[in-house]
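Chemist:
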Amino acid sequence: MKHLFLILANLRRRKLRTAFTVLSIAVAFLLFGLLSAIRVAFGLGIDLAGADRLLTLHKVSIIQPLPKSYQDQIARVPGVREVTHASWFGGYYKDKKNLLAMFPIELEPWLRMYPEFVLPDDQKRAFLADREGAVIGRDTAKRYGWKVGDRIPIFSPIWRRADGRGTWEFNVVIAAHVDELFGNSPAEKKTATEKVFVQSFAKQIGDIGLIITFVVVVVFFAMLLVVGNTIAQSVRERTAELAVLKTLGFSSPLVTALVLAESLLIAAVGGGIGLLATWLVVLRGDPTGGYLPAFYVPARYYALGVFLIFFLGLAAGFFPAWRALRLRIAEGLRQVV
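When we follow numbering that gives the first Met the number 0, the leftmost residue of the sequence shown carries the number 0, and every step to the right adds one.
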């Protein structure tokens, strides 16, 4: 700690350069934190999907219905405890950009199949008694300003009413063996665990984890160059001063440690600001209005961020510190003006 003043004095020599370097690192770690939150949000649905629930759908597309008779045949398969169905409704609210994941379902079998869906008793009774009732997620209701008891119009381009209109109003309130049963039927189907289905559905827009990892690697490589260049330039400017320190009795390892400490301090301040900013942003909740409801950063990513701070500081300061370690006093003093 007795050399902290010396380290801070060196950083204050070029205040603007130091400030921009710290700001660059802060932005990089803020980006790291937000991308981590997005990665978690995309992956949470996969993590929550049941590996013990099988999802059977048409071989061609999720929107293609299967014969209702399949449900009774699947229910007779040994090992099957519960069977329910849902149909893709394809509805949207007011505008096509407000597409909603809506499914007509059998409520009681569905709630037994998905115990994580919880309804208050009064709302459950109201839903069972209302053929036009709709169970809506809290975030979706908040996004559109819906309340219990509201009547909302939903347009479906797939399902039409008896009068031809597409607008509906609602009140807010084992794998291979199963496939073989219908292998040669007119409506062939495929079966997979719910977890596998959600994974494949998410990958239709790309491997989010791989994309985010690639972006983070590129950003940190750029930060490594920025911080490394800053420290290297600082060491070049202070070559004579480092030689004087060695003349005054500072050992080469100590001078090397001072250079590394300078690099670590810059990385720690910038990275700390970035992670703090991430925490503050995440604290406000989902910034997309419900599209990323599980918008948070797990503790393991903060721990990874701290590790990356130390790695960045050490890696960026390694070559400048190595140069300071090998600096000869006579060679350094020649640069005194």
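Cβ atoms here follow ideal geometry from the backbone N, Cα and C, with glycine treated the same way. Quick caveat: nothing in here was measured; it's all calculated off a predicted structure.
#1: Helix, strand or coil: which one does DSSP assign to Trp109?
#2: Could you tell me whether the Cβ atoms of Ala315 and Gly227 are closer together than 8 Å?
#3: Return the CA-CA distance between Val258 and Val280, expressed in angstroms with no decimal places.
#4: Taking the alpha-carbon positions, what's the Glu81 to Trp109 distance?
#5: Under a three-way DSSP split, which group does Arg80 fall into?
#6: What residues match up with Pro152 in a beta bridge as DSSP calls it?
#7: According to DSSP, Leu98 sits in a beta bridge with which residue or residues?
#8: Tell me whether Ala22 is buried or exposed, calling it buried when 16 or more other Cβ atoms sit within 10 Å of its Cβ.
#9: Does the beta-carbon distance from Phe88 to Ser155 come in below 8 Å?
#10: If Leu274 sits next to Gly312, beta carbons under 8 Å apart, how far is it from one beta carbon to the other, in whole angstroms?
#11: Buried or exposed: Gly270, going by 16 or more other Cβ atoms within 10 Å of its Cβ?
#12: In chain order, what residues of the same chain lie with their CB nearer than 6 Å to the CB of Ala231, ignoring the 5 residues before and after it?
#13: Is Gly284 buried or exposed, if buried means 16 or more other CB atoms sit within 10 Å of its CB?
#14: Under 6 Å Cβ to Cβ from Ala27, same chain only, skipping five residues before and after it: list those, please.
#15: Around the Cβ of Ser68, are there at least 16 other Cβ atoms within 10 angstroms (buried) or fewer (exposed)?
#16: Run through DSSP, which three-state label would Gly284 get?
#17: Anyone know if the C-beta pair for Ala140 and Val171 falls short of 8 Å?
#18: Please name the residue, chosen from Trp167, Pro297, Ser262, Arg130, that lies closest to Ala40 on a Cα-to-Cα basis.
#19: Return the chain-ordered list of same chain residues with a C-beta closer than 7 Å to the C-beta of Arg16, the five sequence neighbours on each side being excluded.
#20: Since I believe Phe309 is in contact with Leu263 (beta carbons under 8 Å), could you give me their beta-carbon distance rounded to a whole number of angstroms?
#21: Does the Cβ of Gly148 have 16 or more other Cβ atoms within 10 Å, making it buried, or fewer, making it exposed?
#22: Between Arg299, Pro114, Gly132, Leu53, which has its C-alpha nearest Asp121's C-alpha?
#23: Quick check on Leu118: does DSSP put it in helix, strand or coil?
#24: Identify whether Ala161 lies in helix, strand or coil by the three-state DSSP scheme.
#25: Starting from Gln72, follow the alpha helix (DSSP H) in both directions and report where the run begins and ends.
#26: By Cβ distance below 7 Å, which residues in the same chain neighbour Gly165 in space, the five residues on each side in sequence not counted?
#27: Quick check on the burial criterion: 16 or more other C-beta atoms within 10 angstroms. Buried or exposed for Glu261?
#28: On the three-state DSSP scale, how would you describe Val217?
#29: Using the C-alpha atoms, what's the distance from Glu105 back to Ile211?
#30: For Phe220, tell me which candidate among Ile151, Phe116, Ile24, Gly136 has the shortest Cα-Cα distance.
Modeler: In brief:
#1: Three-state result, Trp109: helix.
#2: Yes.
#3: 33 Å
#4: 9 Å
#5: DSSP places Arg80 in coil when its eight states are reduced to three.
#6: Glu168
#7: Tyr91
#8: It should be noted that the sequence gives Leu, not Ala, for residue 22. Exposed, by the Cβ-count rule.
#9: yes
#10: The Cβ separation is near 14 Å, so there is no contact.
#11: buried
#12: Pro319
#13: exposed
#14: Val218, Met222
#15: exposed
#16: Coil, per DSSP.
#17: yes
#18: Pro297
#19: Closer than 7 Å at the Cβ level, and outside the excluded window around Arg16, lie Thr229.
#20: 7 Å
#21: exposed
#22: Gly132
#23: Three-state result, Leu118: coil.
#24: coil
#25: 68-74
#26: Phe154, Ser155, Pro156, Arg159
#27: buried
#28: helix
#29: Roughly 38 Å between the two C-alpha positions.
#30: Ile24
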